[in-house]
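A.B. asks: Its first residue numbered 1, the sequence shown is counted upward by one per residue in my numbering. Ideal Cβ positions, reconstructed from N, Cα and C, are used throughout, including at glycine. This one's a predicted model, so the numbers in the text were calculated from it and none came from an experiment. Let me begin by handing over the structure; questions about it come next.
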Amino acid sequence: MLPSPISTAPDSTQLFQVERDGNPLRRFGHVSPFIGKLAPVCSQNLDQIGKLARVALPELPEPTLVIGMTESSLLLAFFMARWQQKSVDLRFTTRKNRETSGEKIAFREPHSHGPQHFLALEVGRKYAQIVIIEDELTTGATLRNLILALRAISPRFFVATLRDLRPQTLRDELQSEMKSAGLQLEVLSLESCVWNQNATFQIPVAPRFNPFGRTEAALQVALQAVQNQWEEFQPDGFFMIGECVDIALRFWLDLPKNERLPLRQITRSPWKVDGVAVKSAVKFPALEGGSNYFLYNFDPTQTRRALWIAEGSNALVGAQASEFFARNGINAHGIVVAGT
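Given below as structure tokens:
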């Protein structure tokens, strides 16, 4: 069972326990309710998480690399990066050996359905420190593998997580291994962060992050396609399929808050309906060697025009989503991002 949060934990750090369907490696997982999987994205709470990370982290010399872990930490990392005092580089890990404008490293995610993960990096660039974002830590095994894969580009690592659920033995073992490898590691649990909620923070502009290292041509074409659909189709619901969250967030955060439509993720995460965190699930079955995808807690009566965005490898999931929307009287348009 998920331990109760500490009494002073900020509301934005809450996690829901979910039961995985068909993953013998880990029966239970924990997910933030604000990242678009269980409910629409909540920018207010994600902004608070970004501010918590800014308070928790020491003042960092430049340059800094911030890394979000696919899928559940991608939005957390985006918002944490956008609230830092100094500009940072943001990169997302991915299950896909995707086309990128830089170089790639690979590492293992032992609890994942797709255990080989990748990270795009700028060729030859080194960092004073790397900040890795996690929704929760349960064993630290993936974290260890990623840090060791990155040891050549920085000796100093911070990990910002909503909750650190590791037993003390695993915490000590990881610290000992990092010290033996000549690496500095500090883990920051944001639920324990003490901060002044009335503190004034400069509101950041919508950042021009390119966390997957997409080619500039593919990025600009996709952003223009979203803009065109926004003006011509005028959707009232916006859906990100799989890892394709970066383009949606860049566009969505540029909008005034009162013009931001409900933004949701159609996710690869397989969870059982439990009547608490997961009240309903729409399954899009795997096609042509792909994976199952899911839309959770969706009320079709609240949407009339749905716009989805997906990468080429998930275009068939988008087609399935369009069929589902049509069966429920919802008109749907889709955008397929090239080069992925």
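Considering just the uninterrupted stretch of the alpha helix (DSSP H) at L223, what are its terminal residues?
C.D. replies: Looking at the DSSP string, the run of the alpha helix (DSSP H) that includes L223 is E216 to E232.
A.B. asks: Given this structure, state the Cα-to-Cα distance separating C244 from L2, to the nearest angstrom.
C.D. replies: Their Cα atoms are separated by approximately 29 Å.
A.B. asks: Quick one: Cα of W196 to Cα of L287, how far?
C.D. replies: Sequence inspection shows Asn at residue 196; the Trp mentioned does not correspond to that position. Near 49 Å, if we compare the C-alpha coordinates of L287 and N196.
A.B. asks: Excluding the five sequence neighbours on either side, which residues of its own chain have a C-beta within less than 8 Å of the C-beta of Q227, listed in chain order?
C.D. replies: Excluding sequence neighbours, Q227 sits near F251.
A.B. asks: What is the residue span of the alpha helix (DSSP H) that D47 lies within?
C.D. replies: Here the alpha helix (DSSP H) through D47 covers S43 to A56.
A.B. asks: Ends of the beta strand (DSSP E) at M240?
C.D. replies: Residues G237 to I241.
A.B. asks: Using a Cβ-Cβ cut-off of 7 Å (strictly less than) and excluding sequence neighbours within five positions of R166, which residues of its own chain qualify?
C.D. replies: Contacts found: L137, T138, T139 and G140.
A.B. asks: Taking the C-alpha atoms as reference points, what is the distance between E19 and P270?
C.D. replies: Between E19 and P270, the C-alpha separation is close to 8 Å.
A.B. asks: Measuring alpha carbon to alpha carbon, tell me which residue in I130, D246, R54 and I335 is nearest A225.
C.D. replies: Comparing Cα-Cα distances from A225 to each of I130, D246, R54 and I335, the minimum goes to I335.
A.B. asks: On a CA-only basis, which of L15, E177 and F34 is nearest F28? Give me that one, please.
C.D. replies: Answer by Cα proximity: L15.
A.B. asks: At what residues does the beta strand (DSSP E) containing D164 begin and finish?
C.D. replies: Residues R156 to D164.
A.B. asks: Determine contact between the stretch 290–299 and the stretch 171–179, defined as no fewer than three beta-carbon pairs at a distance below 8 Å.
C.D. replies: The stretch 290–299, when compared against the stretch 171–179, does not touch it at the 8 Å Cβ threshold.
A.B. asks: Within 10 angstroms of its Cβ, does T169 collect 16 or more other Cβ (buried), or is it exposed?
C.D. replies: Result: exposed.
A.B. asks: Write down every uninterrupted run of the alpha helix (DSSP H) in the stretch 227–315 whose length is 4 residues or greater and which is fully enclosed by it, in chain order.
C.D. replies: For the stretch 227–315, whole alpha helix (DSSP H) runs of length 4 or above, ordered along the chain, are 246–254.
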